[in-house]
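Residue numbers (the numbering used here): 24 to 277.
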């Protein structure tokens, strides 16, 4: 199978490495920034381009891994060539291809990626959608070359997955950022939090999140919460109160 990667960001970088390891020939990498395209292409011996007009026409699958707002523009700019076209977005509907491609789908790996850290795709969940069963089988087969966890999901299901991922990953990471600010103000390093974070995540392998909740909000330690809020700046105090109120409400319902 020959593949073209359209994009050279975090997701594209990890996918190109994983595809090459799985025996898929990545023949070209496109990026608006040619040095980025060349850097990624060089890792797998592919050619590079910064022009959509220069995208090769004889690949079997084209993987669009750019920002959500840019996907439609790529689809419009490159004519259909009968190959399978997919995007890697969590929130963009598969219908972005409708009327512009004959064979198309979604190839969404739900994971947080960084260029600097090579992802182990074996346990990364892939969510697949396509315009036909034949295309779905082809895209699913490609996903199974990378991961043991491959699922079919509609565009609506995938959007909800993406929302859940924002809560579980992006918002959680921002909470760690704020925790780092609080620790820094006290002259303490962030790494004192790592055992606590590791234990919190490990508990999720045994208990649902709601059942593993701890802390002053779930215990209704009002005095502790008020003392914490009084020590925080306005923004952090507001976030602390919103989250504490949400925890209290959830556990009152249970």
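Glycine is no exception: its CB is placed at the ideal position from the N, C-alpha and C atoms.
Exercise for the section: Examine the Cβ distances between the segment 39-53 and the segment 63-73 and report whether three or more of them are shorter than 8 Å. Expected result: yes
Exercise for the section: Compare the C-alpha of residue 146 against each of 153, 139, 134 and name the closest. Expected result: 134
Handout entry: Identified DSSP bridge partners for residue 51
Key = 27, 70
Problem - Inter-residue CB distance, residue 176 and residue 150 (contact presumed, cutoff 8 Å) - result: 4 Å
Handout entry: Length at least 3, wholly inside the segment 89-164: the beta strand (DSSP E) runs in chain order
Key = 107-110, 126-132, 149-153
Practice task
Find the nearest neighbour of residue 115 within the set 96, 25, 242, judged by alpha-carbon distance.
Solution key: 96
Handout entry: Whether residue 254 touches residue 267 by CB criterion (8 Å)
Key = no
Exercise for the section: Report back the beta-carbon spacing between residue 129 and residue 181 to the nearest angstrom; my notes put them in contact at under 8 Å. Expected result: 7 Å
Exercise for the section: Can you grab the Cα-Cα spacing for the pair residue 212 / residue 140, in whole Å? Expected result: 23 Å
Practice task
Tell me whether residue 245 sits in a helix, a strand or coil according to DSSP, three-state version.
Solution key: helix
Practice task
Give a yes or no on whether the C-beta atoms belonging to residue 28 and residue 83 are separated by under 8 Å.
Solution key: no
Exercise for the section: Can you grab the Cα-Cα spacing for the pair residue 92 / residue 228, in whole Å? Expected result: 35 Å
Problem - Chain-order list of residues whose beta-carbon lies under 7 Å from that of residue 235 (same chain, five-residue window excluded) - result: 226, 227
Problem - Start and end residues, beta strand (DSSP E) containing residue 175 - result: 173-175
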